[in-house]
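K.L.:
Going down the list, the protein sequences come from chains A and B.
What the first sequence shows, in this note's numbering, is residues 58 to 275, in sequence order.
What the second sequence shows, in this note's numbering, is residues 42 to 871, in sequence order.
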Amino acid sequence: MNLSSKTIDILQNVSLEVNAGETIAIVGSSGSGKTTLLSIIAGLDIPTSGEVYLKGQALHVADEEARAAIRGQYVGFIFQQFLLIPSLTAKENIMLPAELANMDNAEVLAQELLTKVGLSERGDHFPSQLSGGEQQRVAIARAFITQPDILFADEPTGNLDNTTGAQIENLLFELHQQAGTTLVVVTHDPKLAERCQRQVVMNNGHLEEQPAPLVEVV
Amino acid sequence: MKNWFKHSLSLLKHELKRGELTIVALAIILAVSAVFSLTGFSNHIKNALVNESTAFIAADRVWATSRPLSENVKAKADELNVNSATQVFMTSMVFSEERMVLASLTAVTDLYPLRGDLLVEQEGVESAVNAPDINRVWVQQGILSKLDVNEGDSIEIGNKSFVIQGVINQIPDASFSVFTSGPTIILHFDDLQETGLIQPGSRIWYEYLYAGEPSDIKDFEEWVKPQVNESQRWYDIKDSQSSLANALNRAEKYLSLASMLGIVLAAVAVAVAGRRYAQRQQSVVAIFKAMGTSKQYVRKVYLLHWSLLSAVSIIAGLLVGVLLLAIGLNSVKDQLQIQGQLIELYPLLVASFTGVICACAFAIVPLKELINTSPLSILRGFNNKALPWYAHIPAISALFLLIWLFSKNLPLSLALVVGGLLVSGVIMLTAKLILMLSRRAGAKAGKSWHLALANLKRRANENAVQLISFTIAIELLLLIFVMKGAIIDEWQRQLPADTANRFLVNIAHDKVDEVEAFIEQHNIVSSGLYPVVRGRLTAINDVKTIRRATKEDETKDDTARRGVGRELNLTWRNDLPSENKILDGSWWQQDSQSAQVSIEQKLAERLEVSIGDSLSFQIGSDVVEVPITSIREVNWNSLQPNFYMIFNPKVLSDFPASYINSMYITEENKPKLQEFLTDYPTVSMIDVEAIINQLRTVISQVSLAIEFVLILVVLAGSLVLVAQVQASMEERERELAILKTLGAKSKMLNLSVLYEFVALGAVAGLMASIAMEIAVYILQTRVFDMTPSLHLSYWLIGIVSGALFVGIVGFLSCSRLLKLSSVTLIRRTM
Chain A
58 MNLSSKTIDI
68 LQNVSLEVNA
78 GETIAIVGSS
88 GSGKTTLLSI
98 IAGLDIPTSG
108 EVYLKGQALH
118 VADEEARAAI
128 RGQYVGFIFQ
138 QFLLIPSLTA
148 KENIMLPAEL
158 ANMDNAEVLA
168 QELLTKVGLS
178 ERGDHFPSQL
188 SGGEQQRVAI
198 ARAFITQPDI
208 LFADEPTGNL
218 DNTTGAQIEN
228 LLFELHQQAG
238 TTLVVVTHDP
248 KLAERCQRQV
258 VMNNGHLEEQ
268 PAPLVEVV
Chain B
42 MKNWFKHSLS
52 LLKHELKRGE
62 LTIVALAIIL
72 AVSAVFSLTG
82 FSNHIKNALV
92 NESTAFIAAD
102 RVWATSRPLS
112 ENVKAKADEL
122 NVNSATQVFM
132 TSMVFSEERM
142 VLASLTAVTD
152 LYPLRGDLLV
162 EQEGVESAVN
172 APDINRVWVQ
182 QGILSKLDVN
192 EGDSIEIGNK
202 SFVIQGVINQ
212 IPDASFSVFT
222 SGPTIILHFD
232 DLQETGLIQP
242 GSRIWYEYLY
252 AGEPSDIKDF
262 EEWVKPQVNE
272 SQRWYDIKDS
282 QSSLANALNR
292 AEKYLSLASM
302 LGIVLAAVAV
312 AVAGRRYAQR
322 QQSVVAIFKA
332 MGTSKQYVRK
342 VYLLHWSLLS
352 AVSIIAGLLV
362 GVLLLAIGLN
372 SVKDQLQIQG
382 QLIELYPLLV
392 ASFTGVICAC
402 AFAIVPLKEL
412 INTSPLSILR
422 GFNNKALPWY
432 AHIPAISALF
442 LLIWLFSKNL
452 PLSLALVVGG
462 LLVSGVIMLT
472 AKLILMLSRR
482 AGAKAGKSWH
492 LALANLKRRA
502 NENAVQLISF
512 TIAIELLLLI
522 FVMKGAIIDE
532 WQRQLPADTA
542 NRFLVNIAHD
552 KVDEVEAFIE
562 QHNIVSSGLY
572 PVVRGRLTAI
582 NDVKTIRRAT
592 KEDETKDDTA
602 RRGVGRELNL
612 TWRNDLPSEN
622 KILDGSWWQQ
632 DSQSAQVSIE
642 QKLAERLEVS
652 IGDSLSFQIG
662 SDVVEVPITS
672 IREVNWNSLQ
682 PNFYMIFNPK
692 VLSDFPASYI
702 NSMYITEENK
712 PKLQEFLTDY
722 PTVSMIDVEA
732 IINQLRTVIS
742 QVSLAIEFVL
752 ILVVLAGSLV
762 LVAQVQASME
772 ERERELAILK
782 TLGAKSKMLN
792 LSVLYEFVAL
802 GAVAGLMASI
812 AMEIAVYILQ
822 TRVFDMTPSL
832 HLSYWLIGIV
842 SGALFVGIVG
852 FLSCSRLLKL
862 SSVTLIRRTM
């Protein structure tokens, strides 16, 4: 990153391979570069040097539009701030990615997902009429509607209390199991990280694999 | 339904409901309705006034000439469905059995008058008539007394005998022939030949009158105009009646200026609110993009969204405009006859175009930025940086286009835009300086003031931008206010209560004393008596002028100079008349023994003469040669006798003259004047009260329109203020959360917010007053041709109203925030 005359390396010698269907947690202190790593592997940003492949597609040479197309095809997101579109109802928010992918049965799928996340009665409510936990459940339903190959979650429980956070975690892993989606979670929460098959630690731009008995490293 | 279409619609529906787009929609509605109603209103009023005024020239257009026009002119008029009538004027002696009198003869064709009423009394009954029958005449009262005849008696005109069929009470186009000689007789055009009065060399004046549908008249005018030569005149009511034309033109300029400024304010509101909206929508675009939406999709969603918003607002604006127009026209229907459709194409187009410009040009940059929002923003935060200078080019160009569209004056538009930019720059610098100084002052004031001024200083850049819009809004409000006062004052000055409403003409030399005695006896306000001698300009510096400037004559005599082409009314005086100003040379000393003439400035230009040139006049059988010693500017709008040529008494006083006088006759004096005129039947009277009354009607109607525009500009100004305050709302929310959490008391916060806006408003008011003063000076001297004046009393109004206005609007907009508990505030800002 170029900051006026100085150049700061946020990520250095980072090498990470994630297999299909895996769950992986990226942990690390604030400012360690977790979010930058996420933005690059999710195709939201490109690195100044190095290579990134998603489903065999080279993200580092794709332009913004091409990366958008790749994201639309393979990727789902869950954010700390939920980031629902305030002008759409809960159901419409969920339907959005399916509609963008021109799926015919978006509404049926959305209703099914609303039921799965326990909000079958709240489909017509706008985000401002929902609690934080409910908004995040809508966001999860939205992320799963297109059955993306890979789901990126940025601090998905960061804005929620413990109980709600736990419910969201359960929901996330439940849906992951049902759909077989690859899950990449950026988190501070050690409990959430422990539920993932792999944990990697970002430290001052360097990535270290955390050995864990349950994690199979490839 | 396409997905992007659906998303766009639900976005619009929801954002409209949430009130995010209220200001944008209101601003567009305001601009469109204002343009529609004002353009429509002034068009209707103008048409109605012109329609009514046409009575004063008895037609829509007049072609005045000293030679008859060829038959193909009439054929062309018929072909274009334009009605025509002919009037022939001449002066001749008329005889009864025992007496004779010099009379003005008017021979008219069947359809005369095409506009207005010729009122004639027959056997005691007054009715509106056209031309008299063959062998019959209408005569003015003066003829009856001078010839000692009655209705039904015969009189001789030239070789033919006529029966007096009725007495003329009103000739519609008489007001424009103040300088007639003798009472008028109207006869039928077809009788003219038999009178034998038309002979080579006889002094005859033809007026061909035309009237019809405006579009037909326009076509006909286009065909006629190239054929009108220098000795002829082609005119309509606006050319002939300069007071009314002037009042209308000035009102039109004012209205278009005011509505233009209103639109500028509305556009600024769109710009400010549009930018805020775009910033708030960034997260939506980032989410769309993160989920893989292409930029093109986002573009389609927002373009449709904005277009729909604009279209809905423009349609709403047009509806409101139609309503306002209907109300406006209804309020004047008693004074004016409004014709034509309520909804006309031109205002509709101009208003819609204004709406489109406001909606697009002022929002295009924020929207473009919005569409370019990076998906990374959802992780990295959003860009709220100030725009680079070039990002303002579309808005500034649109502003220029709008101003140009309304003023139709390129240099004025350029000056306004460039001037506006310079003023904004100066305001920006001054604002920063004042804000910095006020911080120091605030340190010594109370807590709330301290906080308020510290806030102002900390947000100096944003506040400077806010200040510019506040200042411009207040300045434009003051400007409209001051100009309104100045214009209406000047009108009233021009038409004081004692404006002359009667002209006395044909006063013989031996009746001058009686007229003066009458004036003195009844304390009548009068212009004084002016002698009139008819004369023809025959040479300039001994070079003969063209007598009749027809093409044929020109080829005959290349060396001849351009002349006046008709007889002039010449007068002599010792003193410079009021409403006349010497531009060059000097007025003569009393009793000066050398011959001198003072010439009116425009005629001097047309004749290409200057001080020292000598003019030769043929007066009767004599020729007088006089040097020009002064050039005068004449206020032709003043209702008093005005002259192109004024001589010193030495030159003309020995020639036989008739006298003319203008006076104001009160209701009370009207019967006395009537009595006087019965006693002195040789004196003729011309009543111009109708014209003056009409002028007064115009002024009161236009004043009404001006009040309406004022309200409009205030509304637009308020929109800008609200938009500006709203734009800073998020940041205020965060600040209030922090301050409340730190234990700041509500009362202190309330006061600090109030003081902050009051201080902003007062500073804006002060700067607006200065800017207003400069703008008013330029407008008065350059646009309205008025005398410039200072308006210090408005400075106080500017500062106080600025403080109050901004204080109240700002405080009210923030009051919702101020009422929230600190917990809610913190939650909202997390």
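Just so it is clear, CB atoms sit at the ideal spot from N, CA and C, and this is done for glycine as well.
Note that the coordinates shown come from a computational prediction; the quantities given were computed from them, not determined experimentally.
Starting from the C-beta of B:Y338, find all residues in its chain whose C-beta is less than 6 Å away, skip the five residues before and the five after it, and write them out in chain order.
P.N.:
W45
K.L.:
Determine the chain A residues that contact B:V325 at a beta-carbon separation under 8 Å, and present them in chain order.
P.N.:
I142, P143 and S144
K.L.:
Just checking my contact of B:I196 with B:V190 at CB under 8 Å: how many whole Å lie between their CB atoms?
P.N.:
6 Å
K.L.:
Reducing DSSP to helix, strand and coil, say where B:R108 ends up.
P.N.:
Reduced to three states, the DSSP call for B:R108 is coil.
K.L.:
Measuring straight from C-alpha to C-alpha, what distance separates B:G466 and B:M808?
P.N.:
12 Å
K.L.:
Could you pull the start and end residues of the beta strand (DSSP E) that B:A169 belongs to?
P.N.:
Note, B:A169: beta strand (DSSP E), V166 to V170.
K.L.:
Does DSSP put B:P388 in a helix, a strand or coil?
P.N.:
helix
K.L.:
What does B:K7 pair with, by DSSP beta-bridge criteria?
P.N.:
Given that chain B is displayed from residue 42 to residue 871, the structure contains no residue 7 of chain B and the question cannot be resolved.
K.L.:
Of the residues that make up the region 51-68 of chain B, which ones have a beta carbon closer than 7 Å to any beta carbon in chain A?
P.N.:
S51, L52, H55 and E56
K.L.:
What are the start and end residues of each continuous beta strand (DSSP E) run of 3 or more residues lying completely inside the region 653-722 of chain B, in chain order?
P.N.:
For the region 653-722 of chain B, whole beta strand (DSSP E) runs of length 3 or above, ordered along the chain, are 655-660, 663-675, 686-688 and 699-705.
K.L.:
Quick check on A:G113 - is its C-beta less than 9 Å from some C-beta in chain D?
P.N.:
No chain D appears in this structure, whose protein chains are A and B.
K.L.:
Just verifying my parser: in three-state terms, what is the DSSP assignment at B:L298?
P.N.:
helix
K.L.:
Check whether the region 133-140 of chain B touches the region 148-159 of chain B, taking contact to mean three or more Cβ pairs, one atom from each stretch, closer than 8 Å.
P.N.:
no
K.L.:
Does DSSP classify B:E608 as helix, strand or coil?
P.N.:
Three-state DSSP puts B:E608 in coil, outside helix and strand.
K.L.:
With a cut-off of 8 Å on the beta carbons, I'd call B:F261 and B:L110 a contact; round off their distance for me.
P.N.:
Actually they are not in contact, since the Cβ atoms of B:F261 and B:L110 sit about 13 Å apart, beyond 8 Å.
K.L.:
Give me, in chain order, the residues of the same chain whose beta-carbon lies closer than 6 Å to that of B:H48; leave out the 5 immediate sequence neighbours on both sides.
P.N.:
V342
K.L.:
Can the beta-carbon of B:E516 be found closer than 9 Å to that of B:A816?
P.N.:
yes
K.L.:
Could you please give the first and the last residue of the uninterrupted beta strand (DSSP E) stretch that includes B:H229?
P.N.:
T225 to H229
K.L.:
Taking the beta carbon of A:I81 as the centre, do at least 16 other beta carbons fall within 10 Å, making it buried, or is it exposed?
P.N.:
buried
K.L.:
Might you give, ordered along the chain, the residues of its own chain that have their beta carbon closer than 8 Å to the beta carbon of B:I419, omitting 5 neighbours on each side?
P.N.:
S324, A327, I328 and A331
K.L.:
What does a CB cutoff of less than 6 Å around B:I565 pick up in its chain, not counting 5 residues either side in sequence?
P.N.:
M704
K.L.:
Taking the beta strand (DSSP E) that B:K201 falls in, what are its first and last residues?
P.N.:
That run of the beta strand (DSSP E) goes K201 to Q211.
K.L.:
Any beta-carbon of chain B closer than 9 Å to the one on A:S96?
P.N.:
The beta carbon of A:S96 sits closer than 9 Å to some beta carbon of chain B.
K.L.:
Put B:S854 into one of helix, strand or coil per three-state DSSP.
P.N.:
helix
K.L.:
Let's test the definition: count the other Cβ atoms within 10 Å of the Cβ of B:P618 and tell me whether it reaches 16, buried, or not, exposed.
P.N.:
buried
K.L.:
Within 9 Å of any Cβ in chain A, is that where the Cβ of B:N84 sits?
P.N.:
B:N84 is outside the set of residues whose beta carbon lies under 9 Å from a beta carbon in chain A.
K.L.:
Using a Cβ cut-off of 7 Å, pull out every chain B residue sitting near A:D211, in sequence order please.
P.N.:
Those within 7 Å of A:D211 in chain B are L420.
K.L.:
Could you check which residue in A:Q193, A:D66 and A:G85 has the C-alpha nearest to that of A:L229?
P.N.:
A:Q193
K.L.:
Which residue or residues does DSSP assign as beta-bridge partners of B:V459?
P.N.:
Paired residue(s): none; B:V459 is not in a bridge.
K.L.:
Using the rule of at least 16 other Cβ atoms within 10 Å of the residue's Cβ for burial, across every protein chain shown, is B:R140 buried or exposed?
P.N.:
Per the 10 Å Cβ criterion, exposed.
K.L.:
Are the C-beta atoms of B:S348 and some chain A residue less than 9 Å apart?
P.N.:
no
K.L.:
Once the 5 residues before and after B:L12 are set aside, which same chain residues still bring their CB inside 7 Å of it?
P.N.:
Look at the range of chain B in this structure, 42 to 871, and you will see that residue 12 of chain B is not part of it.
K.L.:
Just mark B:Q382 as buried or exposed, buried being the case when its beta carbon has 16 or more other beta carbons within 10 Å.
P.N.:
exposed
K.L.:
Can you find a CB in chain A that lies within less than 9 Å of the CB of B:L861?
P.N.:
Cβ-Cβ to chain A under 9 Å: no for B:L861.
K.L.:
Closer than 9 Å by beta-carbon distance: list the chain A residues that pair up with B:A331, in chain order.
P.N.:
A99, L101, A125, R128, V132, F134, F136 and L140
K.L.:
How about B:L494 and B:E772: are their beta carbons less than 9 Å apart?
P.N.:
no
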